[in-house]
Amino acid sequence: MGTWHIDDECESALINLNDRLCSFERATSREYTLILVPHNKDEKIHISQSGKPIPIDLGSQLSETTIGPEEILAIAMQSRKA
Numbered sequence: 007m008g009t010w011h012i013d014d015e016c017e018s019a020l021i022n023l024n025d026r027l028c029s030f031e032r033a034t035s036r037e038y039t040l041i042l043v044p045h046n047k048d049e050k051i052h053i054s055q056s057g058k059p060i061p062i063d064l065g066s067q068l069s070e071t072t073i074g075p076e077e078i079l080a081i082a083m084q085s086r087k088a
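For the sequence shown, the numbering used here begins at 7 and goes up steadily by one.
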């Protein structure tokens, strides 16, 4: 099992995508936010900005409520402004 995905091939694809986005962003001065939101609670949410994974601590939010992509995007956007 990988760090961000339970499937090793998907994990490798995420790493390669982050690497490629980072290279593209450096070359073009563009920035992207990549968000992968699994439907199952036993998997991790993956957010990366500028080709780099950003840590998120949702702590008890995940166990108490279902957090959707909108809330996760809001967290990512707050991180971008910081």
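Don't be surprised by glycine CBs; every beta carbon is placed ideally from N, CA and C.
- In the three-state reduction of the DSSP assignment, ILE21 falls in the helix class.
- A straight-line Cα-Cα distance of about 22 Å links ILE78 and GLU31.
- Ranked by Cα distance from LYS58, the first of GLU37, ILE12, ASP13, CYS16 is GLU37.
- Counting only the Cα atoms, SER85 lies some 21 Å from SER29.
- Assigned with DSSP and collapsed to three states, SER56 falls in coil, not helix or strand.
- Beta-bridge partners assigned by DSSP to LEU27: none are found.
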